[in-house]
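Enquirer: For what it's worth, the working numbering labels the leading residue of the sequence shown as 10, then goes sequentially. Backbone N, C-alpha and C define an ideal beta-carbon position, used for all residues, glycine too. So that we are looking at the same thing, I have put the structure below in structure tokens.
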Amino acid sequence: REWGAEGAHERQQAHEPLLHALQTALPGGAARGDRVLVPGAGLGRLVWEVARLGFVAQGCEFSYFMLIASNFILNRLRHCGPIVVHPWALQTCNVASTADQTRGCTVPDTPPWELPEEANLSMCAGDFLEVYREQRAIWDAIVTCFFIDTAHDITKYLARIAALLKPGGVWINMGPLLWHFSDMPGELSIELSWEELRKVIVACGFVFEAEQWQRCAYTCNSASMYSMSYNCIFFVARWPGADVGKGAGTSAGA
């Protein structure tokens, strides 16, 4: 999905609107060295693309498995070049042919080590709410892609995003609301509809500048007899400053 040609269509659907909105929302931001945070960075492709545009980019990822894979792709393949993986070899359902099942995929499709020399890219390991607990008003933009539904309590994410953004900063989102803890016994899970979540975002003080539905395929095997997609919510929301959303942000961030 992130580093193979097979995932180019999915990246076009999910990543391209985010990158375009980032450049539109922060005109001249790359030249200024504006800082962009990408929580839930996965294998690092989106944050890498942000850095390639010229922004100071940092990804944050909690999953140890994602961190191992992203480190391997970003830092360990420079000397040996792309490799071939077989991501569908263990998929035994909805297979049209053995050749489809066993075919290889070359990763990475774009050499991540070919970033411009002046590019500024970093990765941070840990939980989004914990890692950035002490930071205040230092990010010009926060870009979330298939991330906000990983929250136990979405109001805590909103409070942290508001605290991290500079006044006039922008939050750009793409993704579904597949609340990850909804079916886990014993886990707190607040599951809002988009209608409800939008009202909470506005109550926190964010001002919506763009909003639309976007169909996004997800980890699809183009040769499979089955495919999955989400009708994602894409939005751009501006953070005017702490005074606007003080009430909602203070209680949720405690």
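Name the DSSP beta bridge partners of residue 153, please?
Expert: Taking the first residue of the sequence shown as 1, we reach residue 153 at position 144. BP columns for residue 153 point to 182.
Enquirer: Could you give the C-beta distance for residue 70 and residue 49, rounded to a whole number, given that I count them as a contact under 8 Å?
Expert: Looking up residue 70 in the sequence shown gives position 61. Looking up residue 49 in the sequence shown gives position 40. Right, the Cβ-Cβ distance comes to about 7 Å (below 8 Å), so this counts as a contact.
Enquirer: Within its chain, find whatever has a CB closer than 7 Å to the CB of residue 58; leave out the 5 residues flanking it on each side and keep chain order.
Expert: Position 49 of the sequence shown, counted from the first residue, corresponds to residue 58. Here the set comprises 24, 28.
Enquirer: If you check the beta carbons only, do residue 203 and residue 242 fall under 8 Å apart?
Expert: Locating residue 203 in the sequence shown gives position 194, where the first residue counts as 1. Locating residue 242 in the sequence shown gives position 233, where the first residue counts as 1. For residue 203 and residue 242, yes; Cβs fall inside 8 Å.
Enquirer: Taking C-alpha atoms, which residue in 229, 89, 154 lies nearest to residue 122?
Expert: Translated into the one-based positions of the sequence shown, residue 122 becomes position 113. It is 89.
Enquirer: Helix, strand or coil for residue 224? Go by DSSP, reduced to three states.
Expert: In the sequence shown, counting from the first residue as 1, residue 224 sits at position 215. Strand.
Enquirer: Tell me the DSSP secondary structure of residue 209 in three-state form.
Expert: What you label residue 209 is simply residue 200 of the sequence shown in a count that begins at 1. The answer is helix: DSSP assigns residue 209 an H, G or I state.
Enquirer: Would you mind sorting residue 166 into buried or exposed? The rule is 16 or more other CB atoms within 10 Å of its CB.
Expert: Counted from its first residue, the sequence shown places residue 166 at position 157. Counting Cβ neighbours within 10 Å, residue 166 comes out buried, since at least 16 surround it.
Enquirer: I want to know whether the region 126 to 134 touches the region 144 to 159 - three or more CB-CB distances under 8 Å.
Expert: No contact exists between the region 126 to 134 and the region 144 to 159.
Enquirer: Counting C-beta neighbours from all protein chains within 10 Å, is the total for residue 120 16 or more, i.e. buried, or is it exposed?
Expert: As a working mapping, residue 120 is identified with position 111 in the sequence shown. Answer is exposed; the Cβ neighbour count stays below 16.
Enquirer: Is it buried or exposed, residue 191, if we count other Cβ atoms within 10 angstroms and call 16 or more buried?
Expert: Taking the first residue of the sequence shown as position 1, residue 191 is located at position 182. Only exposed fits residue 191, as fewer than 16 other CB atoms lie within 10 angstroms of its CB.
Enquirer: Buried or exposed: where does residue 83 fall if 16 or more other Cβ atoms within 10 Å of its Cβ makes it buried?
Expert: Position 74 of the sequence shown, counting from 1, holds the residue named residue 83. When all chains shown are included, residue 83 counts as buried.
Enquirer: Distance, Cα to Cα, residue 178 vs residue 145?
Expert: Here residue 178 corresponds to residue number 169 of the sequence shown, with the count starting at 1. Here residue 145 corresponds to residue number 136 of the sequence shown, with the count starting at 1. Rounded to whole angstroms, residue 178 to residue 145 spans 12 Å at the Cα level.
Enquirer: Three-state secondary structure (DSSP) at residue 196?
Expert: The sequence position of residue 196 within the sequence shown is 187, counting from 1. DSSP places residue 196 in coil when its eight states are reduced to three.
Enquirer: My guess is that residue 10 and residue 153 are in contact by the Cβ rule of under 8 Å, so how many angstroms apart are they, rounded?
Expert: Start at 1 with the first residue of the sequence shown, and residue 10 comes out as number 1. Start at 1 with the first residue of the sequence shown, and residue 153 comes out as number 144. A Cβ-Cβ distance of about 17 Å is found for the pair residue 10 and residue 153, leaving them out of contact under the 8 Å criterion.
Enquirer: Does the Cβ of residue 259 have 16 or more other Cβ atoms within 10 Å, making it buried, or fewer, making it exposed?
Expert: Numbered from its first residue, the sequence shown carries residue 259 at position 250. Annotation note: pLDDT 38 at residue 259 (below 50); position unreliable, no value reported.
Enquirer: Report yes if the C-beta distance between residue 55 and residue 45 is below 8 Å; otherwise report no.
Expert: Counting from 1 along the sequence shown, the entry for residue 55 is found at position 46. Counting from 1 along the sequence shown, the entry for residue 45 is found at position 36. Not in contact: residue 55 and residue 45 (Cβ atoms no closer than 8 Å).
Enquirer: Quick one: which unbroken alpha helix (DSSP H) runs of 4-plus residues sit fully inside the region 97 to 133? Chain order, please.
Expert: 107 to 111
Enquirer: Would you mind giving the Cβ-Cβ distance between residue 15 and residue 114, rounded to the nearest angstrom? I have them listed as a contact below 8 Å.
Expert: Taking the sequence shown and counting its residues from 1, one reaches residue 15 at position 6. Taking the sequence shown and counting its residues from 1, one reaches residue 114 at position 105. Correct: roughly 5 Å between the Cβ atoms.
Enquirer: Residue 102: buried (16+ other C-beta within 10 angstroms of its C-beta) or exposed?
Expert: Walking along the sequence shown from the start, residue 102 turns up at place 93. Under this definition residue 102 is an exposed residue.
Enquirer: Taking the CB atoms as reference points, tell me whether residue 53 and residue 79 lie closer together than 8 Å.
Expert: Looking up residue 53 in the sequence shown gives position 44. Looking up residue 79 in the sequence shown gives position 70. Cβ atoms of residue 53 and residue 79: closer than 8 Å.
Enquirer: If we require 3 or more residues per run, which beta strand (DSSP E) segments fall completely within the region 56 to 92?
Expert: 65 to 70
Enquirer: Taking its Cβ as the centre, do 16 or more other Cβ atoms sit within 10 Å of residue 22, making it buried, or is it exposed?
Expert: Taking the first residue of the sequence shown as position 1, residue 22 is located at position 13. By the neighbour-count rule (16 or more Cβ atoms within 10 Å), residue 22 is buried.
Enquirer: Residues in the same chain with beta-carbon distance under 6 Å from residue 222, minus the five sequence neighbours each way, listed in chain order, please.
Expert: Here residue 222 refers to the residue found at position 213 when the sequence shown is read from its first residue. Answer for residue 222: 240, listed in chain order.
Enquirer: Going by CA-CA distance only, name the one from 163, 77, 97 that's closest to residue 206.
Expert: Reading the sequence shown from its first residue, position 197 is the one you call residue 206. Distance check between residue 206 and each of 163, 77, 97 places 163 closest, using alpha-carbon atoms only.
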